[in-house]
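Below: one structure, written as structure tokens.
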Amino acid sequence: MGEKPDVWQGTLSVMVLKTLETMGPLHGYGIARRIEQTSGNLLSVNYGTLYPSLLKLEQEGYIASEWGVSDNNRKAKYYRLTQAGRKQLKREAREWEQATSILARFLSPGEKSS
Amino acid sequence: MRRMRAWCMRFAALFRKEHHDRELAEELESHLQMRIEDNLRAGMEPEEARRQALIKLGGIDQAKEKYRDRRGIPLFDALLQDVRYGLRILRKNPGFASVVILTLALGIGPNTAIFSMVNSMLLRPLPVADPTRIVEPFIQQRGSSLQQEFSVPDYRDIESESSDAFSGFMAQRELVDGLGLNGKAERVMDLYVTGNFFSLLGIKPALGRFILPSEGERVLADPVMVLSYSYWKTRFGGELDIVGKIVSIDGQPVTVVGVAPEGFFGVSAWANIQGYLPLGMAPISGADPNDFMTDRGYRAVTILGRLRPGTNLRQAEASLTVTAERLSKDHATEDAGLRLPLFPEPSTRLGDPRTGTPLLVSGLFFGLAALVLLLACMNLANILMMHATVRQREMAVRSALGAGRGRLIRQLLTEGALLALASGFAGITLGWLASSAASSVHVETDLPLRLDFSFDWRVLTYALVSTLIVGVIVGVAPAIQVSRGNLSSILHESGRSTTGSGERVRSALVVAQVGGSLMLLIVAGLFTHSLSQAERSNLGFDPNYVINFTMDPLLTGSHRSQGTSYIKNLLDRLRVSPGVVSATTAFSAPMSYMTIGDALTISGYERPSGQPPPRVRYNMISSDYFETMRIVLTKGRSFTDADDDSADHVAIVNEAFAKRYWPGQDPIGRTFKMASDPQHTARVIGVAADVRYQDVTSPIDPYFYVPFLQRAWDDSWETVQIRTARSPETMIPELEHVLASIAPGQPVWDVQTMNQALYTLPGLLIFQAGAGLAAFLGAIGLILTIVGVYGVNSYAASQKTREIGIRMALGARPAEIRKMILRRGILTVCIGLIVGLAAAFAAARVIGRFLIVPPTDPPTYLIVSVVLALVALVACYIPARRAMRVDPMVALRHE
Chain A
-12 MGEKPDVWQG
-2 TLSVMVLKTL
8 ETMGPLHGYG
18 IARRIEQTSG
28 NLLSVNYGTL
38 YPSLLKLEQE
48 GYIASEWGVS
58 DNNRKAKYYR
68 LTQAGRKQLK
78 REAREWEQAT
88 SILARFLSPG
98 EKSS
Chain B
71 MRRMRAWCMR
81 FAALFRKEHH
91 DRELAEELES
101 HLQMRIEDNL
111 RAGMEPEEAR
121 RQALIKLGGI
131 DQAKEKYRDR
141 RGIPLFDALL
151 QDVRYGLRIL
161 RKNPGFASVV
171 ILTLALGIGP
181 NTAIFSMVNS
191 MLLRPLPVAD
201 PTRIVEPFIQ
211 QRGSSLQQEF
221 SVPDYRDIES
231 ESSDAFSGFM
241 AQRELVDGLG
251 LNGKAERVMD
261 LYVTGNFFSL
271 LGIKPALGRF
281 ILPSEGERVL
291 ADPVMVLSYS
301 YWKTRFGGEL
311 DIVGKIVSID
321 GQPVTVVGVA
331 PEGFFGVSAW
341 ANIQGYLPLG
351 MAPISGADPN
361 DFMTDRGYRA
371 VTILGRLRPG
381 TNLRQAEASL
391 TVTAERLSKD
401 HATEDAGLRL
411 PLFPEPSTRL
421 GDPRTGTPLL
431 VSGLFFGLAA
441 LVLLLACMNL
451 ANILMMHATV
461 RQREMAVRSA
471 LGAGRGRLIR
481 QLLTEGALLA
491 LASGFAGITL
501 GWLASSAASS
511 VHVETDLPLR
521 LDFSFDWRVL
531 TYALVSTLIV
541 GVIVGVAPAI
551 QVSRGNLSSI
561 LHESGRSTTG
571 SGERVRSALV
581 VAQVGGSLML
591 LIVAGLFTHS
601 LSQAERSNLG
611 FDPNYVINFT
621 MDPLLTGSHR
631 SQGTSYIKNL
641 LDRLRVSPGV
651 VSATTAFSAP
661 MSYMTIGDAL
671 TISGYERPSG
681 QPPPRVRYNM
691 ISSDYFETMR
701 IVLTKGRSFT
711 DADDDSADHV
721 AIVNEAFAKR
731 YWPGQDPIGR
741 TFKMASDPQH
751 TARVIGVAAD
761 VRYQDVTSPI
771 DPYFYVPFLQ
781 RAWDDSWETV
791 QIRTARSPET
801 MIPELEHVLA
811 SIAPGQPVWD
821 VQTMNQALYT
831 LPGLLIFQAG
841 AGLAAFLGAI
851 GLILTIVGVY
861 GVNSYAASQK
871 TREIGIRMAL
881 GARPAEIRKM
891 ILRRGILTVC
901 IGLIVGLAAA
911 FAAARVIGRF
921 LIVPPTDPPT
931 YLIVSVVLAL
941 VALVACYIPA
951 RRAMRVDPMV
961 ALRHE
């Protein structure tokens, strides 16, 4: 269990934004679970990385939070995406796609530039 | 943008910390619970579900710490923590904190106060537009000193010929007038100005209009005046329909046309001008002859110029030189060898800008105040070094517990800054109190002198900067010590050992303190001794048992002949009043702000070619003058009532006059002519002993007396002087009563004893201020030295407790112990005294010209050194005696 890698710094915020975009308002635990599931349980999200990251996003105004009640009647803080967050997600997604496609070009074996 | 928002939120989060902490705890708890529930659902045992959840989520406290770092501003948090800790430390050591704060406040306070005086005298610009471009030309002619007054024709030539470098020149004449309103006259200080005065200064009237450029060109043609804001408020109650009101100036009707803006006090840093009239109106008061606007030999106005933008002082002076050369060629009688040196306005405020007097005076007191601050800092360094030794253990423990060295130093610097801040605040308050006390010093005159030593941003900046510097010293000294400290050696030792170098440093501090305060005290002593010398002797007249008061019959509108007979009458009635020995009138009393002089043509005296006629100060007196003032007539006779307008004009000269202009000859029967009275020739009938009329240090200048019944022009300014049989203080009320009965409705000013009247700026006020200030600084220096010497010695003694215990256990007698402790203390004090004497000699040479006693005045040096030595010895002796009484058993078990 412990060998699961932590989330890379910098990618977590994109994952959080994307999660909130697809799932709608969600509490911290829900976000963590969803990220773990989406990664096929390859990633593990602990408090120490998740909550400071949520705080940073909130300070920057990409997400907003309010207290609510969960499905099983537990008090929880719900996070939702703001308009600025949506835009930020688009921007970051584009950057990631670009970055990964560039990297992919380097790493794919067959192609050689003539 | 986003980042800004984030920082704002982080800053906001510094507050309501507990609320945020609680929210985070709740959030993390609910997260944990949900994870446990999921684990249970997955079929784990409750115990196991909880354990797995905790492992999975990582350390709660680390998470909280990380979260907090992200939430607030960590550096700021640490600072707050340091401040809180520092305050706690200081609260726990109230003695230490108060000694430090008091010491520093005593250093910063006087510094701030003295700076505020220098600031108001020399630095604060005039309240006009663009004050840095205001400059003042002086007249320099061969063989005579720098002169501030110009003739009106010379002013007009300069104004019209130097417009390439100057936006313009204004001329002004300061005069004391009587301003009558509803039959009641009050003395005011008026400035007679050229029509361009206000526009060139660039100020706007508060009410009505200013004097127009067309006004003031012709003599007595424009009877209008502008009131100062403060005078309008006090005398006229700020009434809004003041414009158009007719008042009287010296009995002549004048229309008020406007009010100057608030805070504008004229163009002299010392005087508070109450009214402004056109220059051409100056003869209204009788002080100037009617042809003063056209007489090139009559120099009465001062000039200020405004530099054109982009012109510097040197270029402007070059432009003036051309004019000066032209004037000295075309008007050889008056302007032979004329040069026109130019100075920026602030440098002319304390007289001759070239002798550097203002710089020297302010530098001197600045130096003394800086010395006090230095003494305070040395004391402080001492205290802090001892304090740091005591805290070495605490620091060692904290660093053993994991505090980084940087963190410890930051802590010490924060404490230093806190101390400096508190002392800066205390010091500024102290300085403010001192300078407001100085502002309200009663200068012995009813003239509106301006002593405004109030604080402005310059003073505050100065105080803050000195506080900051002190704060760094206060924090850095112990911080250096901490950074040198070796952790394990401190923890293992008891932290009580002293190193030899520390002791040497402390001894050096004692030497510097004793030396510095000795110098301060000697300077204070020299001033004080000079003051008592000046009071007692060398004035040439006897100021005891004399009452002065001033009046001006013309102020109520009487004519000249009425005025003189009025005064004659008054003197006759005063002479027969009980307690009056003799009574006289004079134009000016010794050391008064009112003086008069004239250019003379002296028979039998050939002035060197290219030199203007000599200007000599004089007095207009009545027959009993020399008797009343107890001035010795060395030759000839005094004036009598027969020496009036119908008789031949006569004069009495002082010995300096006779010696300078008729060396080796009998002055009796010789004659001279005054420039203001060319119709008459005065014949010398007597010679009087030299008397000090202005300033008490420089050689006595030529001086002469004329009978007030023969004076040339229509002024009636009278200083009545009365010699009394009884103590003059008690006779003042009686005399005022007599005056009210024989001269009802006549305003009378400056009723005071001659001894009080000596304390003016040209008189003894400078010495009094110097002596007071130096004594004040000296006393602070002395206190600091006592504290310092005592502190160092008792610390040294306490460090040696163990050594003393061993020595005593081995059989040393208490007296030997005392000797051991005393020897070192006495040695350092003696070295300090020698250093101090040398420094005092050096300082006394600098201030020599402000002293009456010689700069090496032996009694002062001797008395001050002995007193300081005794005080220092006591400060050494008490700790030594305490050390002698140490119980060897207690001392050895001490640790």
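Residue numbers (our numbering), protein chains in the order written: chain A, -12 to 101; chain B, 71 to 965.
Virtual Cβ for every residue (Gly too), placed ideally from N, Cα, C.
Check: Interface residues of chain A facing HIS457(B) [CB-CB closer than 9 Å]; Outcome: Those do not exist, as HIS457(B) stays about 41 Å from chain A at its closest Cβ, beyond 9 Å.
Check: 7 Å CB neighbourhood of SER567(B) in its chain, flanking five on each side removed; Outcome: Confidence in SER567(B) is poor, its pLDDT being 47 and thus under 50, which makes the residue's placement unreliable; the coordinate value appears in the next sentence. Closer than 7 Å at the Cβ level, and outside the excluded window around SER567(B), lies no residue.
Check: Assigned exposure category for ALA728(B) - 16 Cβ within 10 Å defines buried; Outcome: buried
Check: Boundaries of the alpha helix (DSSP H) in which ILE130(B) is found, first to last residue; Outcome: 130 to 141
Check: Any 3 or more C-beta pairs closer than 8 Å across the stretch 768 to 776 of chain B and the stretch 683 to 703 of chain B; Outcome: yes
Check: Residues that ASN59(A) contacts on chain E, provided the C-beta gap is smaller than 9 Å; Outcome: Although the question refers to chain E, the structure presented lacks it and instead comprises the protein chains A and B.
Check: Alpha-carbon spacing of MET(-12)(A) relative to LYS126(B), whole angstroms; Outcome: Per-residue confidence for MET(-12)(A) stands at a pLDDT of 38, beneath the threshold of 50, marking its modelled position as unreliable; the derived number appears in the next sentence. So the alpha carbons of these two residues sit roughly 8 Å apart.
Check: Assigned secondary structure, GLY851(B) (DSSP; H/G/I helix, E/B strand, else coil); Outcome: helix
Check: Contact check, ALA914(B) vs LEU596(B), beta carbons under 9 Å; Outcome: yes
Check: Three-state class that DSSP yields for ARG369(B) in the structure shown; Outcome: strand
Check: Neighbourhood of GLY48(A) by C-beta distance below 6 Å, restricted to the same chain and skipping five residues each side; Outcome: ALA71
Check: Reference SER338(B); option with closest CA among MET74(B), GLY833(B), MET259(B), ALA659(B); Outcome: MET259(B)
Check: Exposed unless 16 or more other CB atoms sit within 10 angstroms - verdict on LEU412(B); Outcome: buried
Check: DSSP three-state assignment for LEU483(B), whether helix, strand or coil; Outcome: helix
Check: Min CB distance ASN142(A) to chain B below 9 Å; Outcome: Past the edges of chain A, shown from -12 to 101, lies residue 142(A), and the structure says nothing about it.
Check: Cα-Cα separation between TRP502(B) and VAL899(B), rounded to whole angstroms; Outcome: 34 Å
Check: Distance CB(SER652(B))-CB(ILE792(B)) smaller than 9 Å; Outcome: yes
Check: Cβ of GLU82(A) within 9 Å of any chain B Cβ; Outcome: no
Check: Proximity below 9 Å, CB of GLY494(B) to CB of LEU534(B); Outcome: yes
Check: Coarse secondary structure for TRP787(B), derived from DSSP in three states; Outcome: coil
Check: Cβ of LYS62(A) within 9 Å of any chain B Cβ; Outcome: yes
Check: Collapsed DSSP secondary structure at ASN863(B) in the structure displayed; Outcome: helix
Check: The stretch 215 to 228 of chain B / the stretch 581 to 596 of chain B touching (three or more Cβ pairs under 8 Å); Outcome: no
Check: Neighbourhood of GLN615(B) by C-beta distance below 7 Å, restricted to the same chain and skipping five residues each side; Outcome: According to the sequence provided, residue 615(B) is Tyr. The question's Gln does not apply to it. Correct list, in chain order: ARG793, THR794, PRO798.
Check: C-beta atoms of LEU245(B) and LEU261(B) nearer than 9 Å; Outcome: yes
Check: Distance between beta carbons of THR537(B) and ALA504(B), contact taken as under 8 Å; Outcome: At roughly 16 Å, the Cβ-Cβ gap does not stay under 8 Å, so ALA504(B) and THR537(B) are not in contact.
Check: N-terminal and C-terminal residue of the alpha helix (DSSP H) that LYS162(B) is part of; Outcome: 144 to 162
Check: Burial state of MET959(B), where buried means 16 or more other Cβ atoms lie within 10 Å; Outcome: exposed
Check: ARG243(B) vs THR418(B) beta-carbon contact at 9 Å; Outcome: no
Check: Distance between ASN109(B) and SER101(A) (C-alpha atoms, nearest Å); Outcome: Interpretation of SER101(A) is limited by its pLDDT of 42, a score under 50 that renders its predicted location unreliable; the figure taken from the coordinates is listed afterwards. If I take the Cα positions, the gap works out to 56 Å.
Check: Chain B contacts from the stretch 5 to 27 of chain A (Cβ-Cβ distance under 9 Å); Outcome: HIS14, GLY15, TYR16, GLY17, ALA19, ARG20
Check: C-alpha distance - LEU4(A) paired with GLY472(B), whole-angstrom precision; Outcome: 40 Å
Check: Interface flag, GLN462(B) vs chain A, CB-CB below 9 Å; Outcome: no
Check: Member of VAL956(B), LEU488(B), VAL540(B), LEU907(B) whose CA lies at the smallest distance from the CA of ASP152(B); Outcome: LEU488(B)
Check: Span of the alpha helix (DSSP H) around ASP247(B); Outcome: Where ASP247(B) is concerned, there is no enclosing alpha helix (DSSP H), although the beta strand (DSSP E) it sits in stretches over 236 to 251.
Check: Within-9 Å CB hit, ILE130(B) to chain A; Outcome: yes
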